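Just below is one structure, and these are the notes that go with it.
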Amino acid sequence: METELINYDKITRHIWQNLYKKTLPTLTEKELENIKSINDEISLQDVNDVYLPLIQLIRIYKKTMTDLTFSKGLFLQKIAHTQPFIIGISGSVAVGKSTIARLLQLLLARTFKTAHVELVTTDGFLYPNQTLIDKKLLDRKGFPESYDMETLITFLSEIKSGKDVEIPVYSHETYDILPDKELVKSPDILIIEGINVFQSTHNKHLYINDFFDFSIYVDATESNIERWYLERFKTLLELAKKDTSNYYHQFTTLSQEETLKMAKETWKKVNLVNLREFIEPTRSRAEVILHKDKSHKIDKIYLKKY
Ligand SMILES: Nc1ncnc2c1ncn2[C@@H]1O[C@H](COP(=O)(O)OP(=O)(O)O)[C@@H](O)[C@H]1O
Ligand SMILES: CC(C)(COP(=O)(O)O)[C@@H](O)C(=O)NCCC(=O)O
-3 METELINYDK
7 ITRHIWQNLY
17 KKTLPTLTEK
27 ELENIKSIND
37 EISLQDVNDV
47 YLPLIQLIRI
57 YKKTMTDLTF
67 SKGLFLQKIA
77 HTQPFIIGIS
87 GSVAVGKSTI
97 ARLLQLLLAR
107 TFKTAHVELV
117 TTDGFLYPNQ
127 TLIDKKLLDR
137 KGFPESYDME
147 TLITFLSEIK
157 SGKDVEIPVY
167 SHETYDILPD
177 KELVKSPDIL
187 IIEGINVFQS
197 THNKHLYIND
207 FFDFSIYVDA
217 TESNIERWYL
227 ERFKTLLELA
237 KKDTSNYYHQ
247 FTTLSQEETL
257 KMAKETWKKV
267 NLVNLREFIE
277 PTRSRAEVIL
287 HKDKSHKIDK
297 IYLKKY
């Protein structure tokens, strides 16, 4: 990892936590409660030491983007409207992207009080199961070819041009795309989270990365991510016990041993292969890499130099 990341500053947690802390007001009880409601195991120490300085850094990028838009407008002698600020978050399946994305949404809304902050996950852009079956891709769910990347690009360009956009929604409960779409109201800030957000598309003229004003890769060792995947699988099965419409319900009659074996197989044959071949190779497209230790605590931060 170290040689591959020569264009990054490696910042220890200790140094990072002292960078901008003093300029930000501390969190109120209510805000702490809101953060806990995202994931009750989230470390509040991490929020203070890692995520608040990160928000401060995002603030710098946002201000720079606004200044540049204004100066370009002056140069072109026309009024330039500030476009939505887009943040991309990537990393392996089960590394904790959605937890971080929801936390950032909350902290950004707190920082930019009048801003409308939207959060979108790219699993909504997976092809529906029937299309995957027709294309013989059901066992490739999550791999690049299982996503409708053209629609994802179109969505991002419509958001950049200030429109409200309807998008498809994926459900982990039904393991498929839902019949109803969701409306994304023209945001000031959009967080887009998914394993594929730094990947290239067939449309060679446009890269998803081109839409990002800030980007984050969430990193951890494979063995830790596997453990988190297996734990989440267990939780999903627990939730599915009483719900016959849940995709995972069919597995709730299996013994603990059989369930674990199945989840391990899926990790090894699908999600680990995807991580090694298609997700981790995009890591160096991120502006910031957040590295987690075995208990989800951020222990190292990498910030792109050039
Ligand atoms: N900061 C955290 N503290 C404790 N558990 C976490 C944290 N972040 C994620 N997890 C757990 O790790 C698993 C994967 O997280 P999730 O956000 O669903 O990952 P992803 O969106 O990358 O698939 C979940 O079981 C989640 O509860
Ligand atoms: C739908 C997903 C590709 C999305 O990944 P996520 O956003 O949860 O990180 C993944 O959760 C998935 O279903 N992978 C296929 C193999 C499996 O069942 O785990």
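Take -3 as the starting number for the sequence shown in the working numbering and just add one per residue.
Glycine residues also receive a C-beta, built at the ideal position from the N, C-alpha and C atoms.
A quick note: this is a predicted structure, and the numbers were derived from the prediction, not measured.
Could you give the distance in angstroms between the alpha-carbon of residue i and the alpha-carbon of residue j?
i, j, result
"Gly120", "Pro175", "11 Å"
"Glu227", "Ala76", "48 Å"
"Ser86", "Thr147", "18 Å"
"Lys6", "Leu299", "7 Å"
"Ile221", "Gln126", "29 Å"
"Ser182", "Glu29", "28 Å"
"Phe139", "Asn242", "23 Å"
"Ile275", "Asp215", "11 Å"
"Val161", "Glu253", "44 Å"
"Tyr302", "Leu128", "39 Å"
"Glu141", "Thr170", "21 Å"
"Asn44", "Leu70", "39 Å"
"Ser219", "Glu37", "20 Å"
"Ile56", "Thr110", "17 Å"
"Thr24", "Leu50", "18 Å"
"Arg9", "Thr255", "37 Å"
"Phe151", "Lys74", "26 Å"
"Ala259", "Thr231", "12 Å"
"Ile11", "Thr240", "50 Å"
"Asn14", "Lys68", "35 Å"
"Lys238", "Ser251", "16 Å"
"Arg257", "Lys131", "Checking the sequence shown, residue 257 turns out to be Lys, not Arg. Using only the alpha carbons, I get a separation of about 27 Å."
"Ser33", "Ala105", "16 Å"
Do residue j and residue i count as a contact pair if the criterion is CB distance below 7 Å?
i, j, result
"Lys293", "His287", "no"
"Thr248", "Leu233", "yes"
"Thr95", "Asn35", "yes"
"Leu186", "Glu114", "yes"
"Leu133", "Tyr166", "no"
"Gly84", "Ile188", "yes"
"Phe208", "Thr278", "no"
"Arg98", "Asn205", "no"
"Thr78", "Thr60", "no"
"Phe210", "Glu283", "yes"
"Tyr16", "Gln52", "yes"
"Leu103", "Tyr47", "yes"
"Thr197", "Ile163", "no"
"Asn192", "Tyr143", "yes"
"Ile54", "Pro124", "no"
"Asp184", "His245", "no"
Pick from the options: whose alpha carbon is nearest that of residue i?
i, options, result
"Gly158", "Leu28, Thr249 and Phe81", "Phe81"
"Lys137", "Thr240, Leu268, Leu152 and Ser291", "Leu268"
"Leu235", "Tyr213, His168 and Ala90", "His168"
"Glu27", "Trp12, Thr107, Lys230 and Ile54", "Thr107"
"Thr217", "Leu50, Ser88, Asn192 and Ser39", "Ser88"
"Asn3", "His245, Ile285 and Asp289", "Ile285"
"Ala90", "Phe229, Lys238 and Gln246", "Phe229"
"Tyr203", "Met145, Thr231, Lys257 and Thr240", "Met145"
"Asp289", "Ser39, Ile11, Thr240 and Asn14", "Ser39"
"Ile31", "His201, Leu100 and Lys177", "Leu100"
"Ser291", "Lys177, Arg223, Asn14 and Gly190", "Arg223"
"Glu261", "Ala105, Asp135, Ser67 and Thr62", "Asp135"
"Gly190", "His201, Lys177 and Tyr213", "Tyr213"
For the beta strand (DSSP E) that residue i lies in, which residues bound it at each end?
i, result
"Phe139", "Counting along the chain, Phe139 falls outside any beta strand (DSSP E), and DSSP gives it neither H nor E."
"Ser94", "Per DSSP, Ser94 belongs to no beta strand (DSSP E); it is in the alpha helix (DSSP H), Lys93 to Thr107."
"Tyr213", "Phe210 to Asp215"
"Lys132", "Unbroken run through Lys132: none, as it is neither H nor E."
"Leu186", "Ile185 to Glu189"
"Glu178", "Glu178 to Val180"
"Glu169", "Glu169 -> no beta strand (DSSP E), and no H or E assigned at all."
"Gly161", "The sequence given here has Val at residue 161, not Gly. Val161 to Ile163 is the span of the beta strand (DSSP E), which, as asked, contains Val161."
"His287", "Val284 to Lys288"
"Leu299", "Ile294 to Lys300"
Would you kindly report the start and end of the unbroken alpha helix (DSSP H) that includes residue i?
i, result
"His10", "Arg9 to Gln13"
"Glu114", "Per DSSP, Glu114 belongs to no alpha helix (DSSP H); it is in the beta strand (DSSP E), Val113 to Thr117."
"Phe229", "Glu218 to Ala236"
"Ile2", "Unbroken run through Ile2: none, as it is neither H nor E."
"Leu122", "Premise fails: Leu122 is in no alpha helix (DSSP H) and is neither H nor E."
"Leu48", "Leu48 to Leu72"
"Ile34", "Glu25 to Ile34"
"Leu256", "Gln252 to Thr262"
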